[in-house]
Amino acid sequence: MRYLPHTDVDVQQMLEQIGVSSIEELFSGVPENCRLKKPLAISDAKSESELLLFLKGLAEKNSKTSDWDSFLGGGAYNHFIPTVIDQLVSRSEFYTAYTPYQPEISQGTLQAIFEYQTMICQLTGMDVANASMYDGASACAEAALLAIRAGKKRHKVLLSQGLPPQYRETVATYCRYLDVDLIDVPLQDGVTSQQELSALLDEQAAAVIVGYPNYFGQIEDLAAIAELTHTAGARLVTAVSEPLSLALFKAPGALGADVVVGEGQSFGIPLSYGGPGIGFFAVRKKDMRVLPGRLVGETVDQDGKRGFVLTLATREQHIRREKATSNICSNQGMCVLMVSIYLALYGKQGLRKLAELNYAKATYAKNQISQLKGFAIPFAGTSFNEFVVTCPEPVARLKKRLEQQGILAGISVGRDYSDLKNGLLICVTEQNSREQIDRLVLALAGGEA
Amino acid sequence: MMSTEGRGLVLEENLLFEQSQPGRVGYSLAAPDVPMTVPDAALTRTEIQGFPELSEVDVVRHYTRLSTWNYGVDSGFYPLGSCTMKYNPKVNEAAARLPGFTDIHPQTPEALNQGALELMYNLQRDLGEISGFPAMTLQPAAGAQGEFTGMLMIHAWHEANGQKRRKVIIPDTAHGTNPASSALAGYEVVTVASNGILTKEAVAAVMDDDVAALMVTNPNTLGLFEADIRGICDLVHERGGLVYSDGANLNALMGISRPGDIGIDVMHFNLHKTFSTPHGGGGPGSGPVGVVEKLKPFLPLPVVTKDADGYKLDYDRPQSIGRLKSFYGHFGVLVRAYSYILSMGGEGLKRATELAVLNANYIRARLEPVYTLPNKQRSLHEVVFSEDGLQNECHTLDVAKRLIDYGYHPPTIYFPLVVHGALMIEPTETESKQTIDEFCDALLAIAEEAKDNPELLKQAPVRAKVKRLHEAMAARKPKLRWESE
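Protein sequence lines, in the order shown, are assigned to chains A and B.
Numbering-wise (the UniProt record's numbering), the first sequence opens with residue 1 and increments by one.
Numbering-wise (the UniProt record's numbering), the second sequence opens with residue 1 and increments by one.
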């Protein structure tokens, strides 16, 4: 086997040095009653060429976004990925390394994370960002736990119903056996109802969590929500599932958010059937020491030269064990690199232009669809690159009909929102040409593209 | 000023922000084909303060230089104990980059992504065969999330049986994630001293009707197979508890012993360890969880199933613990692990285990005459030495840093906590006898240096990008981001 370098002579010499006569003898510590008495029923090894043919066969049974007019979003976004990214992250000095436990030979990873932390702070308008979490949903759950930890005796977390359903479900899983009450905050006109929110806020509330943009693509009035939240002494957690919006809309940090979490997949990470992505996590200085996850900090070496290390580790599981701020023991290293390279390439100008283009394309689509008979845009507020339309026919039937024309029309929201039974969530990015949008509009209206 | 500083083989490289030039760009965008509308100005921000402005060349050179300051498995031997730093096959990278795997949206109707679901279904089946578990979830994002998932399922099972149990027993050799994950799942942790191998008596002394589970790592972090495990599982089961096994060290067991056959109820895998997916500078990992039949109803949502119409995502599972993250798991990592299993085959996986154990025992045999080995039992895939016996006040940290000067990534240090100044070495099966001999020669030379010239250890490393870094200073005055002057 090409990954196993041992020759028969090597094995013999090694056994002699160890002082045993067979490899089998090395397993003498495994008792008889724990032994597997048959070979593993796993198919025989494939050669590299056979393997690639086989996997290509599986891959070809899938529907690539690029082969469709795809308007799917809902937490995973189809953005263009510059060629540079895969070229650079394919450098195996990056991807075959592990956690930078030995900083002197990990300065590449460490400096890249330090820069990532900085760019997340700049984008979100926050003070401190960690080295990343698994994804947006789990980062959101960890944010709820942070608020509970930091909120002392407070044990309520108020979840806006505009938070993506997958985020709400993940928060519920994380809090399942902890002393946390999760309370839904209803929506009004597609955004968090401020009236309901103020009625639900009390001295037990540790956090209010809202999406920005929310699941319907709507821009929430964060400043007003922050004021209500802070008056009650709770923390405002903002969850951003489409972070490209942050290049265009006001930063949550500037509007009063205490914690900003989100999903970074939009920034140069392939869709890859929903994972891996990356959860970003940013806080104010006051919460730096209750933050979950890894942190990279700047220091100097013995000669006074700048260098970077993992720091504030006394929060973490390998030291604090059951009292740690989280059980997390990794960050999304490879994805941190993808996001960083993406942000460095698009930069100050490009990210803004890209966000504007997404907004303009989605707005064009929204306007066109709003003029179709029987279709309506249920929410009046501003949306970014996603919006909900209500349809004159059952969404399942409509989606099926458009599939036959090569269009993935969007996501049905009726399963998660009973009052939007005929609601369809449509996402438009820079990857969708005007022709695609026009085909979608025509097809929705019942025509053939 | 021109100078030679920053030139030569170790190139200096400033932060992105320090290189930024107003007006420089590294992107291209198609001309708008729709009217350019803008949102209400009251909602929009001004420019992103401090964000970099760089050309494509700037960015390429920046990250290329950064990469040269790193040490990966492809750079050389990386015997980081407990992390199983085996070779990351390149064909796995090509497989994960097939457009039919990267360019698929998770909300695409299941009928249109049958290849992805088939791959996940097959991977579940193969991991089940390797571990002896009949049911599996691929959703957990990493080992630690796998632990959490497993402990939640244990909690849900007890709850469904009308039981309220508050405690989890964990041996002192465990990874820190074990107690942290248990606490997150709502449990109190009871630590049990193991003295190398956990005994039935030690478990009996703390086992009672308030214990929900025992959480073990097998083989444990000393590289020792828990020889009493069957009896211990029986004991815990008799008192109504379940047994969780941390699969971090599964690389020692493939084709030899299956946790699901010997009384374990739940186990997570680390695909980035045993199944060769890259560690990625810290992640993404992947932590599938295998369970016995009775825990199947509690698996996270959704579960990949198969019926006459094909592969499906099943959400109709009322007893499920819910979801741990968005979507279905780290699919890109799953592709790599499946590619590895197909490349190795059943026999190849067993051979990998055998050679991993051979390599670790060979290192042990070569170093034992000089380095102190606290636990003398027959060890499997890794070996843990202590710093006792190092001369002239040299410590494990000094040995580790000196190894860098010799061109190696150091082993795991100061873990497990039960060994004084632990030096935990896990070579994996992908290293040759020649590589291991050279590494052992280096460690033997370092022990000599500790005797004759300890400053060489204490000043180390001198041949890395930077010298020893002030970690205490970083924590005392945290500087966690760049800021403009």
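Cβ atoms here follow ideal geometry from the backbone N, Cα and C, with glycine treated the same way.
- The beta-bridge partner set that DSSP reports for Y244(B) consists of M215(B), V266(B).
- In this structure, the CA atom of Q434(B) is about 36 angstroms from the CA atom of I328(A).
- Nearest Cα to Y95(A) within the set P99(B), V399(B), P89(B): P89(B).
- Listed along chain A are K61, N62, S63, Y273, each with a C-beta nearer than 9 angstroms to that of N113(B).
- One alpha carbon belongs to Q87(A), the other to Y77(A), and they sit about 21 angstroms apart.
- The beta carbon of G186(B) lies closer than 7 angstroms to those of H155 in the same chain, with the five residues before and after it left out.
- When the alpha-carbon of S326(B) is set against those of V266(B), E368(B), P106(B), the nearest one is in P106(B).
- Around the Cβ of P22(B), a 10 Å sphere holds fewer than 16 other Cβ atoms; the residue is exposed.
- Look at the beta carbons and you see the stretch 346-359 of chain A touching the stretch 50-59 of chain B: at least three pairs across the two are nearer than 8 angstroms.
- Contact between the stretch 201-216 of chain B and the stretch 133-142 of chain B is absent: fewer than 3 CB-CB pairs across the two stretches fall below 8 angstroms.
- Secondary structure note for F101(B): its alpha helix (DSSP H) is the uninterrupted segment 99-102.
- Residue nearest to L145(A) within the set A207(A), D127(A), V191(A) is A207(A) (criterion: CA-CA distance).
- Collapsing the DSSP output to three states places Q122(A) in a helix.
- Here the stretch 293-303 of chain B makes no contact with the stretch 339-353 of chain B; the two share fewer than three CB pairs at distances below 8 angstroms.
- Counting the other Cβ atoms within 10 Å of the Cβ of N14(B) gives fewer than 16, which makes it exposed.
- Judged by their CB atoms, G260(B) and F133(B) are nearer to each other than the 7 angstroms cut-off.
- Selection L442(A), I426(A), S47(A) evaluated against K373(A) yields L442(A) as nearest (Cα-Cα).
- For P243(A), no CB of chain B lies under 7 angstroms from its own CB, so it is not counted at the interface with that chain.
- In the DSSP annotation of this structure, the continuous segment of the beta strand (DSSP E) that includes I169(B) starts and ends at 167-171.
- I183(A) and A199(A) have their C-alpha atoms some 12 angstroms from each other.
- Between the stretch 414-424 of chain B and the stretch 169-183 of chain B, the count of C-beta pairs closer than 8 angstroms reaches three or more; the two stretches touch.
- Using a Cβ distance threshold of 7 angstroms, F385(B) and G29(A) do not count as a contacting pair.
- Think of a sphere of 9 angstroms around the beta carbon of E32(A): no beta carbon from chain B falls inside it, the nearest being about 10 angstroms out.
- The beta carbons of L184(B) and I321(B) sit no closer together than 7 angstroms.
- Under the DSSP assignment, Y338(B) falls in the alpha helix (DSSP H) whose first and last residues are 331-367.
- Across the set N251(B), L355(B), V190(B), the C-alpha of L355(B) shows the shortest separation from the C-alpha of T7(A).
- In the three-state DSSP reduction, Y116(A) falls in the helix class (H, G or I).
- In the DSSP assignment, G231(B) falls within the unbroken alpha helix (DSSP H) covering 229-238.
- Nearest to L72(A) by C-alpha distance, out of A362(A), L58(A), V283(A), L255(A), is A362(A).
- Beta-bridge annotation (DSSP): Y311(B) is paired with K306(B).
- When H395(B), S257(B), T64(B), S181(B) are compared, the shortest CA-CA separation from G128(B) is found for S257(B).
- Considering only beta carbons, the part of the stretch 164-187 of chain A lying closer than 8 angstroms to chain B consists of P164, Q166, Y167, E169, T170, A172, T173, Y174, R176, Y177, L178, in chain order.
- By alpha-carbon distance to P288(B), the top candidate from R125(B), L222(B), P39(B), L43(B) is R125(B).
- Straight through space, the alpha carbons of A227(B) and E32(A) are spaced by roughly 10 angstroms.
- With a threshold of 7 angstroms between beta carbons, A213(B) makes no contact with chain A.
- What Y212(A) touches in chain B, judged by beta-carbon distance under 7 angstroms, is nothing: the nearest beta carbon there is about 11 angstroms away.
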